[in-house]
Amino acid sequence: MIRLFLTDGHSPTREALRKDTGVAGVEVVGEAGTGEELLAQLAEAAPTVVLLDLSLPGPDVFALLPALREQYPQLRVLARGELTNEHYVARSFDLGAHGYVLKNVLPAELMYGVSTVAAGRRFLCSSIGVALLGRLFMGNPGASDEARAALGLSKREIEVLGLVAEGMTNAEIATKLFTSKRTIETHRQNIIAKTQAKNTAALIKLAARQGLLPE
Numbered sequence: 153m154i155r156l157f158l159t160d161g162h163s164p165t166r167e168a169l170r171k172d173t174g175v176a177g178v179e180v181v182g183e184a185g186t187g188e189e190l191l192a193q194l195a196e197a198a199p200t201v202v203l204l205d206l207s208l209p210g211p212d213v214f215a216l217l218p219a220l221r222e223q224y225p226q227l228r229v230l231a232r233g234e235l236t237n238e239h240y241v242a243r244s245f246d247l248g249a250h251g252y253v254l255k256n257v258l259p260a261e262l263m264y265g266v267s268t269v270a271a272g273r274r275f276l277c278s279s280i281g282v283a284l285l286g287r288l289f290m291g292n293p294g295a296s297d298e299a300r301a302a303l304g305l306s307k308r309e310i311e312v313l314g315l316v317a318e319g320m321t322n323a324e325i326a327t328k329l330f331t332s333k334r335t336i337e338t339h340r341q342n343i344i345a346k347t348q349a350k351n352t353a354a355l356i357k358l359a360a361r362q363g364l365l366p367e
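Position one of the sequence shown corresponds to residue 153 (this note's numbering), numbered consecutively onward.
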């Protein structure tokens, strides 16, 4: 049983999260709307995982992360934010987060993230994975062979990913590659599928080796 603690600065959002996480094998043991409320309840709630809103009111959340790591070393933290910037994501990991999801992530992927960090592994949501890979290739085109080996991406998917990283739309990529917009959409969906679930760990290791995330 995963004991989950929810945090968000807005009560309606916490209620929605409670519904999204109400699945078998998960017990929501508490919720907080501020950093102070989180710290006050943690010891008694004894959660396995904290879903941590990175814009939570109260103490600076980035100062809160190392405090949680020091006071509750067995606690797993799944950070929840709005930014895909690799430096922001890397800072979250470096300060003690074990996973990162965007606030608009679908419930199924959110719960996969919760179970992944609860099991002792790191997690990145698929949208972050695509953005991170794109930025990785922009900074180091030579990493593409390593990425293909680690994540199972095809040469065409790597090519599409590079064009996504340049900011091109699906229609623009289709024109450049002399194919249809629907085909490009399929490639993008395949990239997302391959950079989540079982390949998340490979993606994190790859990004760490390229200096985009801490080891």
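Ideal Cβ positions, reconstructed from N, Cα and C, are used throughout, including at glycine.
Where residue i and residue j are concerned, what is the direct C-alpha to C-alpha distance, given to the nearest angstrom?
i       : j       : result
Leu-235 : Leu-203 : 16 Å
His-250 : Thr-200 : 12 Å
Ile-310 : His-339 : 9 Å
Ala-184 : Asp-212 : 15 Å
Glu-318 : Gly-286 : 8 Å
Leu-216 : Thr-165 : 21 Å
Ala-326 : Leu-305 : 18 Å
Glu-261 : Phe-330 : 33 Å
Glu-196 : Arg-308 : 52 Å
Ala-301 : Ile-280 : 19 Å
Phe-214 : Val-175 : 29 Å
Arg-170 : Leu-303 : 33 Å
Ala-219 : Ala-242 : 17 Å
When you measure from the CB of residue i to every non-hydrogen atom of the ligand FMN, does any distance come out below 7 Å?
i       : result
His-239 : The ligand FMN is not part of this structure, which contains no ligands at all.
Beta carbon of residue i, beta carbon of residue j: below 8 Å?
i       : j       : result
Leu-97  : Tyr-240 : Here the chain comprises residues numbered 153 to 367, so residue 97 is not present and cannot be evaluated.
Arg-155 : Ala-198 : yes
Leu-315 : Lys-328 : yes
Thr-173 : Val-266 : yes
Ser-244 : Leu-206 : yes
Gly-177 : Met-153 : yes
Lys-255 : Gly-233 : yes
Once the 5 residues before and after residue i are set aside, which same chain residues still bring their CB inside 8 Å of it?
i       : result
Val-282 : Leu-313, Val-316, Arg-340, Ile-343, Ile-344, Thr-347
Phe-157 : Val-180, Val-181, Gly-182, Glu-183, Ala-184, Leu-190, Gln-193, Leu-194, Ala-197, Pro-199, Val-201, Val-202, Leu-203
Excluding sequence positions up to five away, which residues of its chain have a Cβ less than 6 Å from the Cβ of residue i?
i       : result
Thr-186 : Pro-209, Gly-210
Name the residue from the options whose alpha carbon lies nearest to the alpha carbon of residue i.
i       : options                            : result
Thr-321 : Phe-330, Ile-336, Arg-308          : Ile-336
His-221 : Gly-177, Pro-259, Glu-188, Leu-247 : Note on residue identity: the sequence assigns Arg, not His, to residue 221. Closest option to Arg-221, Cα to Cα, is Leu-247.
Ser-278 : Pro-259, Val-253, Gln-226          : Val-253
Pro-259 : Glu-179, Ser-163, Phe-330, Ala-168 : Ala-168
Glu-188 : Arg-170, Val-175, Lys-171, Gly-161 : Gly-161
Met-263 : Asn-237, Leu-230, Ala-219, Ala-242 : Leu-230
Ala-360 : Val-257, Glu-238, Gln-226          : Glu-238
Spatial neighbours of residue i within its chain, please: C-beta separation below 7 Å, excluding the five flanking residues on both sides.
i       : result
Arg-228 : Thr-200, Val-201, His-250, Val-269, Ala-270
Glu-324 : none
Val-257 : Cys-277
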